[in-house]
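Residue numbering for the sequence shown follows the working numbering, starting at 17 and increasing by one per position.
The block underneath contains the structure these notes are about, expressed in structure tokens.
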Amino acid sequence: MLLIKCPYCEEERPELEFRNAGEAHLVRANPIIEQSDDDFAGFLYFRQNPKGLQFERWRHIHGCGRFFNAVRDSVSDKFLTVYKAGEPRPDIGTLLSPAVAEPAEPPATKRPRAKKVEV
């Protein structure tokens with residue numbers, strides 16, 4: 017089971033207590049009345065869906081009920097960090113560790129020994 021740390025409760029809880037609320041750090045254009053229908057539909061419905069690191073909003077619905085932001089790797093489903101709503105986006109360079117980066121060479125694999133066959 018995936019454990020997610022709530023930055024407000026300051027404890028790891030099972031993923032069933034949380035809900036994904038979409039992409040984080042979206043900014044609505046002001047004034048909204050001056051936007052075209054296509055621009056507003058783009059803001060409302062269309063999101064980036066990159067493979068790799070994503071900035072997401074989450075809500076701890078079965079806990080404190082508050083929204084927070086998280087940096088999650090969409091390939092491994094690993095949360096790199098979580099931070100409170102309203103805080104600035106963290107620097108990705110400081111978040112990446114050797115464990116997240118791809119290995120330079122794949123690990124060497126051993127071939128099984130051939131069995132001796134008596135004739």
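Beta carbons: idealized from backbone N, C-alpha and C, even for Gly.
How would you write the range of the alpha helix (DSSP H) that residue i sits in, first residue to last?
{"i": "D89", "result": "From DSSP, D89 is part of no alpha helix (DSSP H) but of the beta strand (DSSP E) over 83 to 89."}
{"i": "G38", "result": "Here G38 belongs to no alpha helix (DSSP H); instead the beta strand (DSSP E) covers 35 to 39."}
Please state whether the Cβ-Cβ distance between residue i and residue j is less than 7 Å.
{"i": "F95", "j": "A101", "result": "no"}
{"i": "R73", "j": "A45", "result": "no"}
{"i": "P23", "j": "F84", "result": "yes"}
{"i": "L60", "j": "D89", "result": "no"}
Under the rule that 16 or more other beta-carbon atoms within 10 Å means buried, what is residue i, buried or exposed?
{"i": "E118", "result": "The predicted model places E118 with a pLDDT of 48, which falls under 50 and marks its position as unreliable; any figure quoted below should be read in that light. By the neighbour-count rule (16 or more Cβ atoms within 10 Å), E118 is not buried but exposed."}
{"i": "V43", "result": "exposed"}
{"i": "E121", "result": "The predicted position of E121 is uncertain, since its pLDDT is 48 and thus under 50; a value taken from the coordinates is nonetheless stated next. Result: exposed."}
Look up residue i in the DSSP assignment and say whether it is helix, strand or coil.
{"i": "F62", "result": "coil"}
{"i": "E103", "result": "coil"}
{"i": "L112", "result": "coil"}
{"i": "L96", "result": "strand"}
With respect to 6 Å, is the separation between the Cβ of residue i and the closest non-hydrogen atom of the ligand MN below this value?
{"i": "E26", "result": "Ligands displayed in this structure: none; no statement on the ligand MN is therefore possible."}
In the DSSP assignment, find the beta strand (DSSP E) that holds residue i and state where it starts and stops.
{"i": "Q137", "result": "Coverage of the chain is limited to positions 17 through 135, which leaves residue 137 absent and any answer about it impossible."}
Identify which residue in the options has its Cα closest to the Cα of residue i.
{"i": "E39", "options": "E103, E50, P104, R63", "result": "R63"}
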